[in-house]
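Comments concern the structure below.
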Amino acid sequence: MTPARVDGTYRDMKKKKKLTHISNILDKALDNFRPSSDTDMTQIWALWDQAVGEGVAQNAKPGTFRDGTLIVHVSSSVWLQQLRFIQQDLHTNLNLALGRPLIKELRFKIAALHN
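No gaps in the numbering here: position 112 of the sequence shown is 99 in the numbering used here, and each next residue is one more.
Here is the structure:
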């Protein structure tokens, strides 16, 4: 359909459609292909700092999540030992923050921390 000229501008004769941001389109398309563990990991990252507290968050970050097991990357052996002492509290706090018992097990590994 050719546009009609009205008051010096061209306008499409069809009804105007609401524009959708490309990120919304991609999210919907990728949901069909993205494993649920990716979505779960995104949720864990989003609430990590608040659920574990500032001190822990500075020295430990979620690494990978698979089949209910969350591997937590820890900055040092000292922190690894400390987190083992509070492992049950971390586990409980994370699942409470998630609103469901998603994490079945926590494991700690010394690794480089990435934000």
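Where a beta carbon is used, it is the ideal one built from N, C-alpha and C, also for glycine. All figures in this text were calculated on a predicted structure; none of them were measured in a lab.
So which of the options has the shortest CA-CA distance to residue i?
i: residue 44; options: 59, 53, 55; result: 59
i: residue 95; options: 29, 70, 86, 37; result: 70
i: residue 50; options: 64, 29, 5; result: 29
i: residue 76; options: 63, 53, 40; result: 40
Taking C-beta to C-beta, are residue i and residue j nearer than 8 Å?
i: residue 57; j: residue 97; result: no
i: residue 93; j: residue 78; result: yes
i: residue 82; j: residue 61; result: no
i: residue 80; j: residue 38; result: yes
i: residue 27; j: residue 89; result: yes
Quick one: grab the DSSP three-state call for residue i.
i: residue 47; result: strand
i: residue 6; result: coil
i: residue 101; result: coil
i: residue 31; result: helix
If contacts are defined as beta-carbon pairs under 8 Å, then residue i and residue j qualify, I think. What distance do you get, rounded to the angstrom?
i: residue 42; j: residue 91; result: Residue 42 to residue 91, Cβ: 25 Å. No contact.
i: residue 100; j: residue 48; result: 5 Å
In the DSSP assignment, find the beta strand (DSSP E) that holds residue i and state where it starts and stops.
i: residue 89; result: Looking at the DSSP string, residue 89 is not in any beta strand (DSSP E), and its letter there is neither H nor E.
i: residue 73; result: Element bounds for residue 73: n/a, residue is neither H nor E.
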